[in-house]
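Residue numbers (UniProt numbering): 1 to 639.
Built from N, CA and C at the ideal position, the CB exists for glycine as well.
Following: one structure in structure tokens, then a few remarks.
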């Protein structure tokens, strides 16, 4: 008989009272080649490190261990690609065989422990194999979203200095083929650093010409003898994941091997309530933190089954795709971004496309990536009939910081608008601008008291100073998240978005997130963004950009009048909300985050660079035209 799980309160208290003891216990759940000498320590820079002296291999934990433990024939990965009409299933034994042989091929190309390898591919099994093969060799991979602009790829090549770049010949966006090889060739041409080799994975719908002496066919590497796992230090890097920074130079978030494995293994059970042999479907991309953690590493380290989806939540072929995937692969947990749910809701407002799909095995829908408005939260819960759990984390953390950890006993239930409670290990606090804790319900800066738990970034790639300056220096003893929010009287945390999404309207600090909640609740609104744009009189004032639900017939003047009245009623005249513009869609990153900063710069007439992560650059021109037609924003005001 298994012991009862700890209550949430017990686990959280234990994790803060004695972090070393708490995480030493969790570290016993994974296989070490050499046990750590210290659970928690500080390095020569004063940065906290986890499991120093320990040696392990992440690929071994994800594949070899489970084959040895009797999971050889269990499905490890289901690949489902409606955009290419392809499905495939890989058992743990099959995925191990492919990975070991590909690792052998990389080794023959000269890839050694500590070398960097860039992976420039969409959601395809060969990309997962490439990630795991790098981990097997002790090499450091850096996945760059497939189709990224050549300049942005060049910047990452120069920063990571890879010995090899592994790329797909191309990807598919709905019914449009995106060739990657010309972008890769242009990036290498622009970059100062030149990789020794590129490995090209040809695809049936797009093939690339290979450069003799430099380019190698992906499948040639699979002919190599299999490579064994290399034991690496727990503190050695597993991967670099680039995230945008305020300077324009991307930040290379470093993830170590030991802390990452321990934290992700713990999170699968404690946060998501998953057991070995069960299935999770994370509707993300491997180029993002969610894809790294919950498509690839956490499910496989747990001995679970993961679903790798190449497509979109809508129009591949319809807004019922996620529900088909959940039913077909018997997913216990679906994890995606609120923007995906809003896109589904827009095309299927009544949720009719859930019909015909057996979702009886689905236990939870987890949402993250941006704040989930209550209207979307409540719609998803009503349509799916399961708890919806909004939770909060960042590329930097690598796994959730706030959540409703459903694998623990007596956890406070989820609540609309809230990202839940701090996950064990995270001492989350709301601070004012002097670094002092604020009273409940007071909005402030979201920070985490050090040490951060295992799995979080120990530093930035080759930039310790930027790590200190960006995250640690503002409030000594704390990690500053860059997000704002508050904690209510019952302990629930509410994340209101990036600190620069807080407006200062005539001296009043107002949350755009709060206004978005109200706008999104209007029955005609599918999704929205509220921007704090420059105002010569008030400093800033809010403007709403609104996407209507399919079939909505309300005229823009009427909608604007109703939204203005709603904001005035709920927030007050001080909000100065006067404009709501209907737009065909909102500009987003490929992970689904709305590009609010870019929209503000557009409205304010500031110079800006189109973010390389944008999914559709042309929408900015359409929004510019709408703002200009209405005379909204300093750049377009009719004088």
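Sorry if obvious, but does the Cβ on residue i come closer than 7 Å to a heavy atom of the ligand MN?
| i | result |
| --- | --- |
| residue 222 | Ligands are entirely absent from the displayed structure, and the ligand MN is therefore not among its contents. |
To which residues does DSSP link residue i through a beta bridge?
| i | result |
| --- | --- |
| residue 478 | 449 |
| residue 688 | Given that the chain is displayed from residue 1 to residue 639, the structure contains no residue 688 and the question cannot be resolved. |
| residue 78 | 89, 307 |
| residue 503 | 510 |
| residue 333 | 280, 364 |
| residue 546 | 528, 582 |
| residue 461 | Beta-bridge pairing links residue 461 to no other residue. |
| residue 40 | 50 |
| residue 554 | The partner list for residue 554 (beta bridge, DSSP) is empty, contrary to what the question assumes. |
Can you name, in chain order, every residue of its own chain whose Cβ lies under 8 Å from the Cβ of residue i, other than the five neighbours on each side?
| i | result |
| --- | --- |
| residue 602 | 608, 620, 623, 624, 627, 633, 635 |
| residue 161 | 116, 193 |
| residue 484 | 443, 444, 445, 446, 495, 496, 497, 498, 499, 501, 502, 511 |
| residue 174 | 83, 312, 315, 316 |
| residue 188 | 154, 157, 165, 194, 195, 198 |
| residue 639 | Reliability fails at residue 639, whose pLDDT of 49 lies under 50, so the model's placement of it is uncertain and no value is given. |
| residue 322 | 281, 283, 313, 334, 336, 340, 344 |
Quick check on DSSP: helix, strand or coil for residue i?
| i | result |
| --- | --- |
| residue 338 | helix |
| residue 263 | helix |
| residue 433 | coil |
| residue 1 | Annotation note: pLDDT 42 at residue 1 (below 50); position unreliable, no value reported. |
| residue 249 | coil |
| residue 185 | helix |
| residue 104 | helix |
| residue 421 | strand |
| residue 270 | helix |
| residue 657 | The question about residue 657 has no answer, for the chain in this structure spans 1 to 639. |
| residue 392 | strand |
| residue 22 | helix |
| residue 321 | helix |
| residue 487 | strand |
| residue 639 | In this predicted model, residue 639 has a pLDDT of only 49, less than 50, meaning its place in the structure is not dependable; the value taken from the coordinates is given anyway. If DSSP states are grouped into helix, strand and coil, residue 639 belongs with coil. |
| residue 172 | strand |
| residue 125 | helix |
| residue 58 | helix |
| residue 179 | strand |
| residue 497 | strand |
| residue 588 | strand |
| residue 66 | helix |
| residue 292 | helix |
CB-CB under 7 Å to residue i, same chain, minus the five flanking residues each way: which ones, in chain order?
| i | result |
| --- | --- |
| residue 12 | 422, 424 |
| residue 456 | 396, 397, 398 |
| residue 426 | 401, 448, 453 |
| residue 464 | 45 |
| residue 1 | Because residue 1 sits at a pLDDT of 42, beneath the cut-off of 50, its placement in the model cannot be relied upon, and the point is left open. |
| residue 590 | 145, 285, 613, 615 |
| residue 92 | 63, 66, 67, 71, 72, 74, 76 |
| residue 5 | 407, 408, 409 |
| residue 351 | 383 |
| residue 329 | 78, 279, 281, 307 |
With 16 other CB atoms within 10 Å as the buried threshold, where does residue i fall?
| i | result |
| --- | --- |
| residue 340 | buried |
| residue 606 | exposed |
| residue 33 | exposed |
| residue 20 | exposed |
| residue 400 | buried |
| residue 300 | buried |
| residue 644 | The structure shown does not extend to residue 644, since the chain spans only 1 to 639, so no value can be given for it. |
| residue 298 | buried |
| residue 406 | buried |
| residue 370 | buried |
| residue 205 | exposed |
| residue 207 | exposed |
| residue 221 | buried |
I'd like the list of long-range same chain contacts for residue i, defined as Cβ closer than 6 Å, with 5 residues on each side in sequence excluded.
| i | result |
| --- | --- |
| residue 435 | 475 |
| residue 381 | 388 |
| residue 128 | 296 |
Cβ contact (3+ pairs, closer than 8 Å) linking the region 254-272 and the region 141-156: Contact fails: fewer than three Cβ-Cβ distances are below 8 Å.
Contact between the region 568-588 and the region 538-545 (3+ Cβ pairs under 8 Å): Output reads yes: the region 538-545 touches the region 568-588.
Given 8 Å, three or more beta-carbon pairs between the region 208-221 and the region 190-198: Yes, the region 208-221 touches the region 190-198.
The region 385-401 contacting the region 362-373, beta-carbon criterion three pairs below 8 Å: Under the three-pair Cβ rule at 8 Å, the region 385-401 counts as touching the region 362-373.
Contact the region 403-413 vs the region 8-22: 3+ CB pairs below 8 Å: Segments in contact, yes.
The region 301-316 / the region 560-575 touching (three or more Cβ pairs under 8 Å): Proximity of the region 301-316 to the region 560-575 falls short of the contact definition, fewer than three beta-carbon pairs being nearer than 8 Å.
Cβ pair count under 8 Å reaching 3, the region 217-233 against the region 92-106: Touching, yes, given that three or more Cβ pairs across the two stretches are closer than 8 Å.
Meets three-Cβ-pair contact criterion under 8 Å: the region 130-142 and the region 109-116: Taking a cut-off of 8 Å on C-beta distances, the region 130-142 touches the region 109-116, as three or more cross pairs fall below it.
Any 3 or more C-beta pairs closer than 8 Å across the region 339-359 and the region 303-310: Because the criterion of three Cβ pairs below 8 Å is not met, the region 339-359 and the region 303-310 do not touch.
Sufficient close CB pairs (3 or more, under 8 Å) joining the region 271-289 to the region 40-59: In short, these stretches do not touch, since the Cβ pair count stays below three.
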